[in-house]
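Using this note's numbering, the letters of the sequence shown correspond one by one to residues 57 to 752. From the three backbone atoms N, C-alpha and C, an ideal C-beta is built for every residue, glycine too.
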Amino acid sequence: MRGLRFWFQVLGGCVLVFSRAWALPSQSLESIEYLTYGGQAAIEIGFAQPVNVLSQFPLEMGATLQIFIGPRTAVDAEVDKLPYAQAMRAPDSREIPLSQVTFRINEAGESSVVVDFKRVVEFSVKAGRSANSLMILLRGLKVSQTVQTKDARVTQVTDSKAFKLLVLGRKALKQGQNKKAIRIFTKMLGLPDSPERQEALELLGVARLRNGQLAHAKAMFREYLKQYPKSEGAARVKQRLQDLLRGQLKPRARLKAPEKSKNKKTSSRIYGSFAQYYYRGENSVENAGSSVDQSLLLNQLSVNWRIRSSDYDVRNFVYASQSHDFASDSGKAVTLETAYSQFKNSRWGFSGRAGRQTGSGGGVLGKFDGLRASYDVTRRLAISAVAGYPVDISDKRGIQTERPFWGIGAELDGEGRDVDILPYYIRQEVDGIIDREAIGSEFRFFHKLGNFYGLIDYDIHYTDLNIYLFRGQYNWRKNTSFNLNFDYRNSPLLFTSDALIGHPDVSGIDELLKIRGEQRVYELAENRVGDSRSLSLGISHTISTRYQLNADLTYAKQNFVIDGATLGELTTDSDQQIYLSSQLIAYKWLNERDTTVLGARLSMTSIYDEVSLSASNRLPLKNHWQFDTRMRVDVRKNDSGEDLTKYRPSVKWNYRQNQTMYYEAELGVEWWRYGGNTNNANFRRLFANLGYRWNF
């Protein structure tokens, strides 16, 4: 580990000054999986925490999909306010044209997921199979043991000239109109760069080949391999070229079908990414000089090792991060966010995952080190078991071996007609006594008109409802959808370990037991728990292929248990917030691929009221550059009579050198202007971010 830490620091480069504490956000990417949903391909993106989809754009098709996500509750919105970026390379696939997925939190604390495809595709976004995931359906594709394209329909597109031509060219090629296909694909290559160009170049070679123009076909295939040597289609085009050069290109009907008994080939591939981001901020207080308030280097390493055969699929995944504090000239040790080995066997109906992972179901709350296994008893019934140790959220290196847990569960598959039901039982101990003992169930239902996900967790030891979560989406007509999210939970979640709150002089439950006794410890834990609840209603309406309007209303309330004025006395306090926000998303204002978002938000809390206005534009240029510009204004009035206006303009550049190297830089400024009843001085802050990512 020491060597790995040194390697991270060496790659860090320069040494600057840092004086602001840094903590990684609670939310992060966990996984990207391909699966079949309703007979078509689906991409499921897993997260470390529950995810709430607010809106997406574009609605149905594009080469880039941006999904705006919200925090689980309004309380969490105040936690993850820091600039952060995490990219995950997509699993290799010959036919699923996914390039990468990026999770971002900007300076304003707003979260989004950017999904980059290798070409224009049709998609729709739904809730995932758990609260910690979302699902992207890809129309016209399907997934089997090896991913293959679906020979069914190709939907006409009206808003992309290149894609229009691609559809016409595919149709001509399928109907044997080779000369017409040649004209169409040749015309496409004369257009400005677009995501469709790669496929057009390959299909032009195919059309030339079928038309008997062997020399032209060779030239097209060679040009494809020159321009896209590491693309998902490179192996296919290389094989076409080799067959052509050897004169072995035969009609498909004359090829022998492979014998199933010999189709036992095992494939293995290692891929991943390494990224570094440097964050720097310098503030200037009126009449008080300036100082550096942020100087941080964040390193991220993601590695996948996939081993596949016709019967099984093994995935080994590691995601580690490390930040370096230049102020104290000391780096934080490498944090192993996720590290597991996952095994699936389609013949036996068995699957399992061992290592550091997120407890996205079965009553496991948060990260843990352990084992999860599942067995398909029948087509509609699976049983599961889980065991392990929690990992301290505040320090993911801290394995809490004094808090072992185990649990059992089941999955009743509704097969798309009924509700999926996933009941569970879980028991956790802490220093030999019960920490948590609960029963519960997850519920999920998918339909073309909408979907919902629910979770109930009831502690049978304390006879108390720990969590009730519901999120649902209803698609009304084609262009309008409604969202409902309700979240009730104990705050903090009820564990016997909560008895340590307010006892900084006691290091563990074992020490507290010596002082108080078991029953008194249980009472202390119950007395320390409050609750939080939030309700949000949203609507998303697509006005046209270029415009979408979103609006949502959120109400949240928290009841806290805090120390009173007298030693040992506890008192309660509460806080509530109301948020009303709207977004207008516009497509193709500046070119054929840009996206503009205009937003407004009204916040009413117990201590201040605030109006926020924002405008942003994402402008791709060719296939290499992307520019993001943003402006946000916040006008706040505190209950104390203080007025505060904040201005935050910024611009970000992204450059993709090839399929493996990505660079980005951001520059911005923030002004705080005080007025009314205040003693605070005006404030200005300059911030800059610089980073790169290497995919291997």
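Contact between residue 277 and residue 259 is absent: CB atoms are separated by about 11 Å, not below the 8 Å threshold. In this structure, the beta-carbon distance from residue 520 to residue 550 falls below 8 Å. Ranked by Cα distance from residue 419, the first of 187, 83, 270, 700 is 187. The Cβ atoms of residue 109 and residue 181 lie closer than 8 Å to each other. Within the model, the alpha-carbon separation for residue 394 versus residue 728 is close to 39 Å. Under the 8 Å Cβ criterion, the region 536-546 does not count as touching the region 473-488, having fewer than three qualifying pairs.
Take residue 323, set aside five residues on each side of it, and the residues of its chain with a beta-carbon closer than 7 Å to its own are 364, in chain order.
Between residue 703 and residue 722, the C-beta spacing is not below 8 Å.
Within the model, the alpha-carbon separation for residue 644 versus residue 221 is close to 19 Å. Within the same chain, 89, 91, 184, 185, 189, 191 come within 7 Å of residue 100 by CB-CB distance, once the 5 residues on both sides are set aside. Per DSSP, the beta-bridge partners of residue 353 are 334, 380. If you look at residue 261, you'll find it isn't in any beta strand (DSSP E); it sits in the alpha helix (DSSP H) that goes 253-266. Unbroken beta strand (DSSP E) stretches of 3 residues or longer found wholly inside the region 532-597: 536-547, given in chain order.
A Cβ-Cβ distance of about 23 Å is found for the pair residue 673 and residue 701, leaving them out of contact under the 8 Å criterion. DSSP places residue 293 inside the alpha helix (DSSP H), whose first and last residues are 290-302. According to the DSSP assignment, residue 242 belongs to the alpha helix (DSSP H) that extends over 234-245. In this structure residue 596 is buried. Its beta-carbon is surrounded by 16 or more other beta-carbon atoms within 10 angstroms. Annotation for residue 277: the continuous alpha helix (DSSP H) segment containing it runs 270-283.
DSSP places residue 225 in the helix class (H, G or I) of the three-state scheme.
Contact between the region 606-616 and the region 554-568 is absent: fewer than three C-beta pairs spanning the two stretches fall below 8 Å.
Residue 302 counts as exposed, since fewer than 16 other C-beta atoms from the protein chains shown sit within 10 angstroms of its C-beta.
Beta-bridge analysis with DSSP links residue 495 to 481, 514.
Distance from the CA of residue 510 to the CA of residue 267, rounded to the nearest whole angstrom, comes to 57 Å. Between the region 371-378 and the region 349-357, the count of C-beta pairs closer than 8 Å reaches three or more; the two stretches touch.
A straight-line Cα-Cα distance of about 6 Å links residue 454 and residue 447.
Using a Cβ distance threshold of 8 Å, residue 698 and residue 733 count as a contacting pair. Residue pairing for residue 469: DSSP places it in no beta bridge.
DSSP places residue 101 inside the beta strand (DSSP E), whose first and last residues are 96-103. If you look at residue 153, you'll find it isn't in any beta strand (DSSP E); DSSP assigns it neither H nor E. Taking residue 444 as the centre and dropping the five residues before and after it, the same chain places the C-beta of 424, 425, 426 closer than 6 Å to its C-beta, in chain order. Taking one beta carbon from each stretch, the region 703-716 and the region 685-693 have 3 or more pairs nearer than 8 Å; the two touch. The closest CA to that of residue 374, considering only 388, 397, 366, 368, is found on 397. Looking at the backbone, the Cα of residue 255 and that of residue 279 are separated by about 12 Å.
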